[in-house]
Structure formats: structure tokens, C-alpha cells
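For the sequence shown, my numbering assigns the number 576 to the initial residue and increments by one for each residue that follows.
The next block holds one structure in the form of C-alpha cells; read it before the comments.
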Amino acid sequence: MEKIHILTDSSSDIPQALVEQHGIEIVPIMLSHGGRTFREYYDITPAECCRLLEESDEIPSTAMATPAVFLESYNRAFERGCTHLIGVIINGSGSGTYQAACLAKGMFEEEHGEGAMVIEVFDSRTYTYIYGHIVVKAAEMREQGESFEAITSVIRSRLSRVEAYLGVYTLKYLKKSGRISGGAAFVGEALGLKPISFVYDGAVKVCDKVRGEKALAAGICKKVAARVQQPEKQTGILLYGDVPEERLAEVEKRMREEIGFKDVVRCAIGPSVLSNTGPLAIAVAYYGAPRE
């Protein structure tokens, strides 16, 4: 009989209540700031990270989880009698964490023999709860008695279709992190420009710039509406940093009324992603057409 262990890294931003409810293991990404080191999920919350970003001129740096950390996780699962292990990991193009998980798989198989425990590690090709909610779905399927093959098939299908649009309300933090120049930030802020990025298949690319806060919400939802597949059958995901409730409510209303999602869930963006976007970030995740 299959006994399946499910793990992901902390950048998946799965809320703690769901982690505990579904028995998902979280491998932490490390953050450093001001001479201190934090384990994402365990030592620092999204709200604490937002305050840190707002109060400090220094942007936290992140460090991938190491192969040794993953190997320890695999060994613990094996010692508990697990026959299969599933890992869904942050975008391999933007972090070495996925490669570390794969290296640990090879190390485990060298130590215990190939097939001692079946391990499948997925490169999510994306960030935050955009892939975190797929991990939760996998854990739900495990609880329902679904097979390893069925669960991995659903993960593979969903990762091939999930995408998102991300917007930021200020350029200040992109300037702090060096992602844009001081001059570009000055001009952009003077003109009230708000960039929108397409989060798709391992890349995050600016695809538009709008003027004004209301235009950002409208612009994101317009782009989602053009790509989403059967929104009436989907639960849209609203991701956010330290964004005022009225702005979140506006985006959620547009998701429900203009796009027509069956339902909407909200999820806070975690520290490792906020360190790159800044706290005033918002995103909408959904399922589009399958990618090869």
C-alpha cells in the first residue's frame, strides 16, 4: 500500500492552517537582513517582512534550501515507512532550490538504492501560492486515497496551465533592490506608472504599464479575462502584500463580476517573493490554456 509524503519549500506561501491540516512538510528558504538570518515560514511572517521592508533601506537577501536539508527530509520520510515522496518546488529558473531537491534525490538513491522510495520532484516554474495551492490539492487527493500516479498526473497538468499577472503600486522597492534605475523609478513615480508583469512558464516579464491605482486593478483583471479558461469553473487566487483592504476588495469584486470566477481565495505573499516585489504588490493567479 502506498504511503505518500508531500513537501514543498516555504516560497509556496501555503497558509499555516492548511499546512497543519494536510500534513505538508515545508522546507525553509533562508533570508538574511541586518546581520540576522530567518527561516521563511518558521521565523518571519509576511506582515513582519512588510514592516522590515518599509522601515529599512536594506533589502533582505535569500538563500536556497540546500541538498542536505532535502536529503534529511527524504530520509525522515523513508524512516516513517513512506513508499513515495512528492516535492513541488519554486521556479528552477529563479532559484537553485529545485536543483538542490534533485541532487538530494540522487544522494538518497545512492544511499538506499533506486526504488527504495519513489521520489518525484516538480519544478513549479512559478512562485508563491501560484504553485502552493497545487500542493494543497495534492495533499487533499492523498487524503481521499488517490494513487501516487493520479496525484502526480494532476500536479503535472495544473503546473502546465497555471499563470498569473502581478502588479506593484510603487516603484520604490524595485529601485531599492536595483531591479530598475533611480532615474527610471523617478520618472515612473512622477507619471504615476504602475507596471504589470506576466508570470508564465518560468518567467516574470513586464508586459504593460498603466497610470494610477485604479488602472492597475482594471489592467490586471482585463489581462486575466483575456487568458483564463472557463472562469466559471475556477477559483481565482488573489495574492497580496501590505495592500489596503479597499484595493483588495476592488480587485476581488472585478474578479467575481467582470471575469466571472466561481469563487475567489486570498493568500498573503511571503517574504522571499516580497523581497523582490516590495510590500505593495498584488497578483491574480488562474488557469489558462495548457503549455507543452
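Just so you know, even glycine gets a beta-carbon here, dropped at the ideal spot from N, CA and C.
Considered as a whole, the segment 596-669 harbours 621-630 and 642-654 as its complete alpha helix (DSSP H) runs of no fewer than 4 residues, in chain order. Counting of Cβ neighbours within 10 angstroms places V799 among the buried residues, the total reaching 16 or more. At a Cβ-Cβ threshold of 7 Å, A856 and V743 count as neighbours. Given a length threshold of 3 residues, each whole run of the beta strand (DSSP E) inside the segment 782-860 is given here in chain order: 810-815 and 838-843. Going by C-alpha positions, G811 is about 13 Å away from L823. Assigned with DSSP and collapsed to three states, A864 falls in coil, not helix or strand.
Looking only at S728, G669, P642 and C657, the smallest Cα-Cα distance to V779 is reached by G669. Straight-line measurement puts the Cα of Y706 at about 22 Å from the Cα of V693.
Looking only at T703, H580 and Y673, the smallest Cα-Cα distance to F697 is reached by Y673.
Taking C-beta separations shorter than 8 Å and ignoring five residues to either side along the sequence, the partners of C796 in its chain run V826, R829, M830, E833, I834 and V859, following chain order. In this structure A675 is not in contact with P635, their Cβ atoms being roughly 20 Å apart against a cut-off of 8 Å.
Sixteen is the threshold: when 16 or more other Cβ atoms of the shown chains lie within 10 Å of the Cβ of V663, as they do, the residue is buried.
For the 7 Å CB-CB criterion, P806 and K784 do not form a contact. Per DSSP, A739 is one residue of the beta strand (DSSP E) stretching across V737 to V743. Put simply, the backbone Cα of G690 is about 30 Å away from that of I589. Around T583, the same chain offers V663 and V710 as residues with beta carbons nearer than 6 Å, after the five sequence neighbours per side are excluded. With respect to T620, S847 sits apart: the two C-beta atoms are not nearer than 7 Å. Judged by their CB atoms, C677 and D817 are not nearer to each other than the 7 Å cut-off. Put simply, the backbone Cα of E633 is about 18 Å away from that of I604. Of the candidates G609, N650 and A640, G609 places its Cα closest to the Cα of E630. In terms of Cβ geometry, A652 and L646 do not form a close pair [threshold 7 Å]. Restricting attention to S850, I844, N851 and L849, the CA atom closest to the CA of Y704 is found in I844. Cα atoms of G787 and L741: separation of roughly 15 Å, rounded to the nearest angstrom. It is roughly 43 Å from the alpha-carbon of D838 to the alpha-carbon of M682. The Cβ atoms of R700 and N666 sit closer than 7 Å to each other.
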